[in-house]
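One structure below.
There are 2 protein chains.
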Amino acid sequence: MTQEISRLPVSELTALSISVLEAHGLSAVDAKDASEILVLADLFGLSTHGVSRLVSYTDRLRLGGINAEPNLKVDALAPALLRIDADNGVGPLVGARAVRAAIKAAEQTGVALALVHGSNHFGPVAPYCYLAAQAGFATIIASNATLSITPWGGKETRLGNNPIGFGVPRPDGDPVILDMALSVAARAKIRSAAKAGESIPMGWATDAEGRPTSNAAEALKGFLLPVGGHKGYGLAIMVDLFAGLLSGASYLTRVSSWQDNPDQPQNLGHFFLVVDTKRLGDSDWLIERMSDFSAIVHDTQPAVPGSAVQLPGEREFMRMKAQIAEGVDIPSDLLHELGTLANRRT
Amino acid sequence: MTQEISRLPVSELTALSISVLEAHGLSAVDAKDASEILVLADLFGLSTHGVSRLVSYTDRLRLGGINAEPNLKVDALAPALLRIDADNGVGPLVGARAVRAAIKAAEQTGVALALVHGSNHFGPVAPYCYLAAQAGFATIIASNATLSITPWGGKETRLGNNPIGFGVPRPDGDPVILDMALSVAARAKIRSAAKAGESIPMGWATDAEGRPTSNAAEALKGFLLPVGGHKGYGLAIMVDLFAGLLSGASYLTRVSSWQDNPDQPQNLGHFFLVVDTKRLGDSDWLIERMSDFSAIVHDTQPAVPGSAVQLPGEREFMRMKAQIAEGVDIPSDLLHELGTLANRRT
Numbered sequence: 013m014t015q016e017i018s019r020l021p022v023s024e025l026t027a028l029s030i031s032v033l034e035a036h037g038l039s040a041v042d043a044k045d046a047s048e049i050l051v052l053a054d055l056f057g058l059s060t061h062g063v064s065r066l067v068s069y070t071d072r073l074r075l076g077g078i079n080a081e082p083n084l085k086v087d088a089l090a091p092a093l094l095r096i097d098a099d100n101g102v103g104p105l106v107g108a109r110a111v112r113a114a115i116k117a118a119e120q121t122g123v124a125l126a127l128v129h130g131s132n133h134f135g136p137v138a139p140y141c142y143l144a145a146q147a148g149f150a151t152i153i154a155s156n157a158t159l160s161i162t163p164w165g166g167k168e169t170r171l172g173n174n175p176i177g178f179g180v181p182r183p184d185g186d187p188v189i190l191d192m193a194l195s196v197a198a199r200a201k202i203r204s205a206a207k208a209g210e211s212i213p214m215g216w217a218t219d220a221e222g223r224p225t226s227n228a229a230e231a232l233k234g235f236l237l238p239v240g241g242h243k244g245y246g247l248a249i250m251v252d253l254f255a256g257l258l259s260g261a262s263y264l265t266r267v268s269s270w271q272d273n274p275d276q277p278q279n280l281g282h283f284f285l286v287v288d289t290k291r292l293g294d295s296d297w298l299i300e301r302m303s304d305f306s307a308i309v310h311d312t313q314p315a316v317p318g319s320a321v322q323l324p325g326e327r328e329f330m331r332m333k334a335q336i337a338e339g340v341d342i343p344s345d346l347l348h349e350l351g352t353l354a355n356r357r358t
Numbered sequence: 013m014t015q016e017i018s019r020l021p022v023s024e025l026t027a028l029s030i031s032v033l034e035a036h037g038l039s040a041v042d043a044k045d046a047s048e049i050l051v052l053a054d055l056f057g058l059s060t061h062g063v064s065r066l067v068s069y070t071d072r073l074r075l076g077g078i079n080a081e082p083n084l085k086v087d088a089l090a091p092a093l094l095r096i097d098a099d100n101g102v103g104p105l106v107g108a109r110a111v112r113a114a115i116k117a118a119e120q121t122g123v124a125l126a127l128v129h130g131s132n133h134f135g136p137v138a139p140y141c142y143l144a145a146q147a148g149f150a151t152i153i154a155s156n157a158t159l160s161i162t163p164w165g166g167k168e169t170r171l172g173n174n175p176i177g178f179g180v181p182r183p184d185g186d187p188v189i190l191d192m193a194l195s196v197a198a199r200a201k202i203r204s205a206a207k208a209g210e211s212i213p214m215g216w217a218t219d220a221e222g223r224p225t226s227n228a229a230e231a232l233k234g235f236l237l238p239v240g241g242h243k244g245y246g247l248a249i250m251v252d253l254f255a256g257l258l259s260g261a262s263y264l265t266r267v268s269s270w271q272d273n274p275d276q277p278q279n280l281g282h283f284f285l286v287v288d289t290k291r292l293g294d295s296d297w298l299i300e301r302m303s304d305f306s307a308i309v310h311d312t313q314p315a316v317p318g319s320a321v322q323l324p325g326e327r328e329f330m331r332m333k334a335q336i337a338e339g340v341d342i343p344s345d346l347l348h349e350l351g352t353l354a355n356r357r358t
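Taken in sequence, the protein lines are chains A and B. Counted from 1, the first sequence has number 279 at position 267 by the numbering used here; the numbering is strictly sequential. Counted from 1, the second sequence has number 182 at position 170 by the numbering used here; the numbering is strictly sequential.
Structure representation (structure tokens):
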């Protein structure tokens, strides 16, 4: 089955996303802030976390599971430490405001951390790292998530596939951005293999009993395995502690599933650390060091002759430039659905 | 070949470590601070990063590769952002002072980051996370390191197996601490397999041409593979950017090898982020949440009946308690060597 793809200018996709959110009760400015994040995700090629998410977001907005008119409360617990009550707002709106609040604090203190509770799925991490990098800030950003992983040695999903991202700005070019979830492979890949009757590599997933399996159908009944085994498990736990527990949000099994309970608040938590690189040295200092770093990586002898050794994020920036120039690719049926959602009134 | 093991009280091991460092020119207070970190490493069972490191540290102190009397310079670039010039001091001394400086700043600002340059191998990450947790601080701590990994898709070692650690305090018990390097397996494990003529699992390492191999002997000529493939590679890059590049230290191939050039400064860099959890809520609030979190993880159904599902760091704390009660296990030949080093005068 091949999917029909439509291509449209970035500005049109942004306008469509804004219309969808406004049609579901968001103010113009809130719809714009949230849409900036989602469209950046599509530009980076992270389409599973871009405007496609508007379908579930608006479903939950209609059901009252997400608050269309949140009153975000920023509490400065200390000069460099903010706690933000997201009032159950749309995730990408919350994230956009939180990273901005952290940057504002860090302009005074050099470094600041915003811990967010009462939030929802905030899309991918990369767009937040990108926006902060454009302002000269290095970032560590993370969120907890709906359950999909079993604690290491267990056979029950009690942990989210919690994403974490890092960004370092480069004043004369693209920042270096790593945005990763903590499973070896996405569930979607296992689903494709099961459909095609193919096996999956050992190490991607377990069966329902928690035993390693290469059988894709059995794996779908089981659990995603974390990257690096106990190391990825450990990272998922630490993200949940920082973004969930310390922020005052839910964590582990206390996180409500947006799929099973779309009408309930999830109370997800996020972590936004920003570091003002302008305090570390002037622009020339950072440009020189980043250029040197980049050259050393790029000059590595490739294992496969002619292939490129890349820095994290390079593929995404290439995709972004191409899509800004040529238009963004969106499945036609999704585009149709978004058009319907934009004309709907809650 | 079985190794003869000696067991001695913690206080004796600490005194021995202090004597070794004093015999190589460190002041009493510097020797004590550095030894606290190394002995904690042994207590946690991380013996490859404990007092065994004194052999190479003192070798370099004698050769002038490490400065026995560093004058650490702490520069407050902003209220929450410190840059520390370690003046080529012994790593664990530098680390102990840096985490303390970060905590002092964070007492005012809630969150603080210390970026360190001009340093050396600082032992494992866990002891720093532990000391900060005892004072109520959550931590993200990382360091760059001597080269051992090839950038993803490459076939040259141009990146360190950079360790990163996270800690969250628990006022009524052991903190949760994750301390990980970014390779799938340690080189020592591959060396053992090669000696025994055994194969290694695919995914641990490549041969010299950067091709995946299960042949341990070929793997020794090749490269360690990062956890999660491109994800672990990405993490190693981000740690190098934060701890090395942003701190003003060396990075990638600019890091001098302590093995090849023991008489040269390495100019390694570290990253110490501390968050004052006492600003987030009172002790009861954190105790309640950490107990709940811990219970949810521990109550996970185990994949193997009767086995325990654990939080990161639990194994290390069990080992610590046992060794505090019964004494620390140290290979007898290492103990003999340390005795010789303690009686040596530079």
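The beta carbon of each residue, even a glycine, is placed where N, CA and C say it ideally should be.
Around the CB of B/Q278, 16 or more other CB atoms lie within 10 Å, so the residue is classed as buried.
The C-beta of A/I96 comes no closer than 7 Å to any C-beta of chain B. The Cβ-Cβ distance between A/A90 and B/G122 falls below 7 Å. Contact of A/I299 with chain B by beta-carbon distance below 7 Å is absent, the smallest such distance being about 12 Å. The alpha-carbon of A/I336 is positioned some 10 Å away from that of A/F329. A residue is called buried once 16 or more other Cβ atoms fall within 10 Å of its Cβ, and B/V188 is buried on that count. Looking at the backbone, the Cα of B/A113 and that of A/P274 are separated by about 46 Å. Between the region 193 to 202 of chain B and the region 237 to 245 of chain B there are three or more C-beta pairs closer than 8 Å, enough to call the two in contact.
When C-beta distances to chain A are compared with 8 Å, the residues of the region 317 to 329 of chain B below that value are S319, A320, V321, Q322, L323 and P324, in chain order.
Between B/T158 and chain A, the shortest Cβ-Cβ separation is not below 7 Å. Within the same chain, Cβ atoms closer than 7 Å to the Cβ of A/S47 are found at T26, S29, I30 and L33, the five residues on either side in sequence being excluded. In this structure, A/N79 sits away from A/D97, with a CB-CB distance that is not shorter than 7 Å. A distance below 7 Å separates the beta carbons of B/H133 and B/G103. One alpha carbon belongs to A/A138, the other to A/G62, and they sit about 11 Å apart. Measuring C-alpha to C-alpha distances from A/S18 to each of A/G339, A/A354 and A/T352 identifies A/G339 as the nearest. Per DSSP, the beta-bridge partners of B/P314 are A/G166. Measuring C-alpha to C-alpha distances from A/G101 to each of A/L127, A/D42 and A/A315 identifies A/D42 as the nearest. Counting only the Cα atoms, B/H36 lies some 7 Å from B/L73. At a cut-off of 7 Å between beta carbons, A/T121 contacts chain B. Contact between A/P163 and B/V321 is confirmed by a C-beta separation of about 5 Å, below the 8 Å threshold.
Straight-line measurement puts the Cα of A/P136 at about 31 Å from the Cα of B/A261. From the beta-carbon of A/L353, no residue of chain B is found nearer than 7 Å; the closest lies around 34 Å away. In summary, the residues of the region 258 to 271 of chain B whose CB is separated from some CB of chain A by less than 9 Å are L258, S259, G260, Y263, L264, T265 and R266, in the order they occur in the chain. In the three-state reduction of the DSSP assignment, A/S68 falls in the helix class, which pools H, G and I.
The Cβ neighbour count for B/V51, taken over all protein chains shown within 10 Å, is at least 16; the residue is labelled buried.
Taking 7 Å as the threshold, the shortest C-beta distance from A/I249 to chain B falls below it. B/P343 sits in a strand when the DSSP states are folded into three classes. If the five residues before and after A/H310 are omitted, its C-beta is found closer than 7 Å to the C-beta atoms of V321, all from its own chain and listed in chain order. Per DSSP, the continuous beta strand (DSSP E) segment holding B/V128 begins and ends at V123 to S131.
B/V22: member of the alpha helix (DSSP H) spanning V22 to A35, first to last residue. The bridge partners DSSP lists for A/V286 are A/A124 and A/T151. The beta carbon of B/K167 sits closer than 7 Å to some beta carbon of chain A.
Between the region 148 to 158 of chain B and the region 285 to 292 of chain B there are three or more inter-stretch CB-CB distances shorter than 8 Å, so the stretches are counted as touching. In this structure, the beta-carbon distance from A/L237 to A/S160 does not fall below 7 Å. The distance from the Cβ of A/A220 to that of A/A206 is about 14 Å, inconsistent with a contact at the 8 Å cut-off. Look at the region 270 to 297 of chain B: the residues with a C-beta under 8 Å from a C-beta of chain A are L285, V287, D288, T289, R291, L292 and G293.
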